[in-house]
Amino acid sequence: EKFVDYAKQVHAKLVEFGLRSEVNLKDDRVGYKIREASLQKIPYAIVVGEKEQEAGSINVRSRDKGELGEMPLSQFLDNLEEWKK
1 EKFVDYAKQV HAKLVEFGLR SEVNLKDDRV GYKIREASLQ KIPYAIVVGE KEQEAGSINV
61 RSRDKGELGE MPLSQFLDNL EEWKK
(Lines of atoms letter the chains of each structure in order from A; the text may use other names.)
(Lines give C-alpha, C1' and ligand atoms only; values in the text may rest on other atoms or scores of the structure.)
Protein backbone atom coordinates (compact mmCIF):
# COMPACT_ATOMS: atom_id res chain seq x y z
CA GLU A 1 0.00 0.00 0.00
CA LYS A 2 0.90 3.65 -0.20
CA PHE A 3 1.38 4.11 3.53
CA VAL A 4 3.58 1.11 4.33
CA ASP A 5 6.77 3.19 4.51
CA TYR A 6 5.15 5.68 6.89
CA ALA A 7 3.78 2.84 9.05
CA LYS A 8 7.27 1.33 9.21
CA GLN A 9 8.75 4.71 10.22
CA VAL A 10 6.23 5.00 13.06
CA HIS A 11 6.97 1.40 14.08
CA ALA A 12 10.72 2.10 14.18
CA LYS A 13 10.19 5.15 16.42
CA LEU A 14 7.98 3.14 18.79
CA VAL A 15 10.60 0.39 19.04
CA GLU A 16 13.32 3.00 19.55
CA PHE A 17 11.24 4.38 22.45
CA GLY A 18 11.27 0.89 23.98
CA LEU A 19 7.75 -0.24 23.07
CA ARG A 20 6.69 -3.51 21.52
CA SER A 21 5.19 -2.77 18.14
CA GLU A 22 3.89 -4.66 15.11
CA VAL A 23 2.82 -3.42 11.70
CA ASN A 24 -0.32 -5.13 10.39
CA LEU A 25 -0.05 -5.11 6.59
CA LYS A 26 -2.91 -7.52 5.95
CA ASP A 27 -5.47 -6.49 3.34
CA ASP A 28 -8.26 -6.52 5.95
CA ARG A 29 -10.47 -3.49 6.56
CA VAL A 30 -9.33 -1.05 9.23
CA GLY A 31 -12.33 -1.79 11.46
CA TYR A 32 -11.50 -5.49 11.41
CA LYS A 33 -7.86 -4.80 12.29
CA ILE A 34 -8.91 -2.60 15.22
CA ARG A 35 -11.32 -5.25 16.50
CA GLU A 36 -8.61 -7.91 16.14
CA ALA A 37 -6.22 -5.75 18.20
CA SER A 38 -8.90 -5.30 20.85
CA LEU A 39 -9.57 -9.04 21.07
CA GLN A 40 -5.83 -9.63 21.46
CA LYS A 41 -5.90 -7.12 24.35
CA ILE A 42 -3.39 -4.84 22.65
CA PRO A 43 -3.36 -1.65 24.76
CA TYR A 44 -2.99 0.83 21.89
CA ALA A 45 -3.78 0.52 18.19
CA ILE A 46 -2.19 3.16 16.00
CA VAL A 47 -3.74 3.74 12.60
CA VAL A 48 -1.99 5.59 9.79
CA GLY A 49 -3.27 6.49 6.37
CA GLU A 50 -3.10 9.31 3.86
CA LYS A 51 -4.37 11.98 6.26
CA GLU A 52 -1.94 10.99 9.01
CA GLN A 53 0.98 10.70 6.61
CA GLU A 54 0.36 14.18 5.19
CA ALA A 55 0.07 15.65 8.71
CA GLY A 56 2.98 13.62 10.12
CA SER A 57 0.65 12.28 12.80
CA ILE A 58 -0.96 9.05 14.01
CA ASN A 59 -4.51 8.11 14.99
CA VAL A 60 -4.67 6.35 18.35
CA ARG A 61 -7.22 3.99 19.86
CA SER A 62 -6.85 2.74 23.40
CA ARG A 63 -8.23 -0.56 24.66
CA ASP A 64 -9.25 1.15 27.93
CA LYS A 65 -9.98 4.73 26.86
CA GLY A 66 -11.39 4.22 23.36
CA GLU A 67 -10.75 6.68 20.53
CA LEU A 68 -7.98 9.12 21.47
CA GLY A 69 -7.87 10.79 18.07
CA GLU A 70 -5.17 12.14 15.83
CA MET A 71 -1.94 13.47 17.35
CA PRO A 72 1.75 13.77 16.57
CA LEU A 73 3.73 10.65 17.51
CA SER A 74 5.81 12.71 19.94
CA GLN A 75 2.63 13.74 21.80
CA PHE A 76 1.52 10.11 22.04
CA LEU A 77 4.87 9.11 23.51
CA ASP A 78 4.70 11.99 26.01
CA ASN A 79 1.12 11.06 26.91
CA LEU A 80 2.13 7.44 27.57
CA GLU A 81 4.15 8.61 30.54
CA GLU A 82 1.09 10.43 31.94
CA TRP A 83 -1.32 7.57 31.24
CA LYS A 84 0.91 5.12 33.11
CA LYS A 85 0.40 7.10 36.33
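Quick note on my numbering: the sequence shown kicks off at 1 and runs consecutively. Note that beta-carbon positions come from the ideal geometry of N, C-alpha and C, so glycine has one too. None of these values were measured; they are calculated from a predicted model.
Based on Cα-Cα distance, which residue from the options lies nearest to residue i?
i: R63; options: A55, P43, V23, D28; result: P43
i: K51; options: E70, I34, K41; result: E70
i: K2; options: D27, K13, G18; result: D27
i: K8; options: E22, D78, K33; result: E22
i: S38; options: G18, V60, N79; result: V60
i: Y6; options: E82, A55, F17; result: A55
i: E67; options: R35, A12, E16, G18; result: R35
Take residue i and list the residues in its own chain whose beta-carbon comes closer than 7 Å to its own, dropping the five residues that flank it on each side.
i: V30; result: V47
Ignore the nearest five residues each way along the sequence and tell me which others in residue i's own chain have a CB closer than 8 Å to its CB.
i: I58; result: V10, I46, V47, V48, E52, E70, M71, P72, L73, F76
Give me the DSSP bridge partner(s) of residue i.
i: R20; result: According to DSSP, R20 bridges with nothing at all.
i: R61; result: A45, E67
Leaving out five residues on either side along the sequence, give the residues of the same chain with a beta carbon under 6 Å from the beta carbon of residue i.
i: L14; result: S21
i: K33; result: N24
Completely contained beta strand (DSSP E) runs for the stretch 29–59, where each covers 3 or more residues
DSSP assignment within the stretch 29–59 yields the following whole beta strand (DSSP E) runs of 3 residues or more, N-terminal first: 44–47.
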